[in-house]
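Here is the structure we will look at.
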Amino acid sequence: MSFVATVTISDPPLFQATFDAVPDAHSTLENYHYVEDEPGDRRYVFFCWMSGCDLDEHELALANDPTVGEFKTLADAGDRRLYRIVTEPVPDEWMMLFPFFRDNDITVLKSTRTVHGIHIEARFPSYDALQALKSTVCEAGSDVEIDRIRSAVSPSLGENRLTEKQREAVALAARRGYFETPSRVSLGELAEELGVSPQAVSKRVRAGVEKLVETTLCRSESAETLSNVRR
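Going by full-length UniProt numbering, the sequence shown opens with residue 1, and the numbers climb by one from there.
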């Protein structure tokens, strides 16, 4: 079963000199690919938005970064700029994330970079794939911190929230003993107190309980998975 994990990878080999020189810089990856003119001459091309710093200082740092071959400004939005950055040829022994993701069917949903490392939200096909990422990165001399794991199909936080009417109906049903066996109150009595029809109460209670159960189970599953992977 697939899931979504947020991880932080420290000490990546590319662009570290740039972020050390401009520690407030924040990069958001928009796209990437690589070019290989001949075997062993692979260069990575990144399209990323840079913000949070003096962008002129950032460009000076890029120009002095030994891992950067060339760069070009594609768009300037004032407080942020979009760059096309081409790396110098990457040594074969460097562990590059994106080929690893491709080979292991890992889908990157969001990728940002700060002086502290690469922060990635990705969909993993299995827990083995996450374990493989952790092992491979650690063997390459970097470190992986697993920040969060959630179900790949769980709703967003907004979708998980009960509406005011659902919360009111579920809370009243619980207080009046509707969920006890046998129930101490009927839907009709709840409906009368709320001033709506029994059908409306039934719908609100059912939808509210479903959201509560789904949220609780997803959190429990994510916590268990996170504990297992960190061992």
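Where a beta carbon is used, it is the ideal one built from N, C-alpha and C, also for glycine.
This one's a predicted model, so the numbers in the text were calculated from it and none came from an experiment.
#### Entry: Enclosing alpha helix (DSSP H) for SER135 [first to last residue]
127–139
### Query
Going by beta carbon distance, what residues of the same chain come within less than 6 Å of HIS58, once the five residues before and after it are set aside?
VAL22, ALA25 and MET50
### Message
Looking at VAL45: is its Cβ nearer than 8 Å to the Cβ of VAL86?
### Response
Taking 8 Å as the cut-off, the beta carbon of VAL45 is found closer than this to the beta carbon of VAL86.
#### Entry: Where the alpha helix (DSSP H) through VAL170 begins and ends
In the DSSP annotation of this structure, the continuous segment of the alpha helix (DSSP H) that includes VAL170 starts and ends at 164–176.
#### Entry: Per-residue DSSP class, three states only, for GLU93
coil
### Task
Ignore the nearest five residues each way along the sequence and tell me which others in THR136's own chain have a CB closer than 7 Å to its CB.
MET95 and PHE100
### Query
Taking just the CA atoms, how far does ARG206 sit from GLU180?
15 Å
### Query
Beta-carbon separation of PHE15 and ASP79 under 8 Å?
no
### Query
Between which two residues does the beta strand (DSSP E) harbouring ALA122 extend?
117–124
### Message
Considering only their Cβ atoms, is the gap separating TYR178 from PHE98 smaller than 8 Å?
### Response
no
### Task
Give me the Cα-Cα distance between SER27 and THR112, rounded to the nearest whole angstrom.
5 Å
### Task
If I'm right that CYS48 touches TYR83 with Cβ under 8 Å, what's the distance once you round it to whole angstroms?
Confirmed, about 6 Å.
### Task
Return the chain-ordered list of same chain residues with a C-beta closer than 7 Å to the C-beta of GLY158, the five sequence neighbours on each side being excluded.
Only weak support exists for where GLY158 lies, its pLDDT of 45 falling under 50; the value from the coordinates is given anyway. Excluding its 5 nearest sequence neighbours in each direction, GLY158 has no C-beta neighbour in its own chain below 7 Å.
### Endpoints, the beta strand (DSSP E) within which THR28 is located
26–36
### Query
Taking C-alpha atoms, which residue in ASP92, GLY40 and ILE146 lies nearest to ILE118?
ILE146
### Task
Provide the residue span of the alpha helix (DSSP H) that contains GLY188, from first to last.
Element bounds for GLY188: 187–194.
### Query
Where does GLU205 fall in DSSP's three states?
Per the sequence presented here, residue 205 reads as Val, with Glu not at that position. In the structure shown, VAL205 sits in a helix (DSSP, three-state: H, G or I).
#### Entry: Sequence-distant residues of the same chain with beta carbon closer than 8 Å to SER202, five excluded per side
LEU187
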